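Okay, structure first, notes after.
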Amino acid sequence: MSATVSTPTPAAAPSLLTSGEKLFSPAAIAKQIPSHRDKAHLNGATVFRWIVRGVKTANGDVIRLEAVKLGSFWRTSLEAVERFSSKLTSASIQTDTPPAPLAPTPKQRSRAAAKASREADALFGRAGE
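For the sequence shown, position 110 matches number 110 in full-length UniProt numbering, and the numbering has no gaps at all.
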């Protein structure tokens, strides 16, 4: 299985600057995203990690948060976080997997057991004879 990496192209970086999206530091963005813990928010290091390393999906693809580096600082936008979360959500919902087979009903299980019993009797003879 070959993994693909969703890396913003160099042309995508200037679009964050020219699109009119308000840019924030990873720490400022993190304060606007609720955490799974009550009354807390994400750590800025988490957002930085999404920018630099990305998040690996179930199929091995890596999705990175769009950001621009201005001098020695990374900047991203809430819109970029929204696009990032949308890509992660889409990657998590696997539409190409077939639905799970339905479990057999009690009547189907009973018939299958009776059939297997008859086949075993035919092969090995009846028990107790």
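Even for Gly, the Cβ is constructed at its ideal location relative to N, Cα and C. No experiment lies behind these values; they were computed from the predicted model shown.
Beta carbon of residue i nearer than 8 Å to that of residue j
i, j, result
"Thr76", "Leu88", "no"
"Leu17", "Val68", "yes"
"Ile29", "Leu70", "no"
"Lys31", "His41", "yes"
"Ala58", "Ser110", "no"
"Gly54", "Ala27", "no"
Local Cβ density within 10 Å of residue i, reported as buried at 16 or more and exposed below that
i, result
"Met1", "Summary for Met1: the model assigns pLDDT 48, below 50, so the residue's position carries little reliability, and this model does not support an answer."
"Ile33", "exposed"
"Ala120", "exposed"
"Ala80", "buried"
"Gly125", "exposed"
"Leu102", "exposed"
"Leu23", "buried"
Inter-residue CB distance, residue i and residue j (contact presumed, cutoff 8 Å)
i, j, result
"Phe73", "Ser25", "7 Å"
"Phe84", "Ile63", "7 Å"
According to DSSP, residues forming a beta bridge with residue i
i, result
"Thr18", "DSSP lists no partner for Thr18."
"Leu70", "Phe73"
"His41", "Pro34"
"Phe24", "Thr76"
Candidates the options, of which the one nearest residue i by Cα
i, options, result
"Gln94", "Trp50, Ala112, Ala113, Gly60", "Gly60"
"Trp50", "Arg37, Gly20, Glu82", "Glu82"
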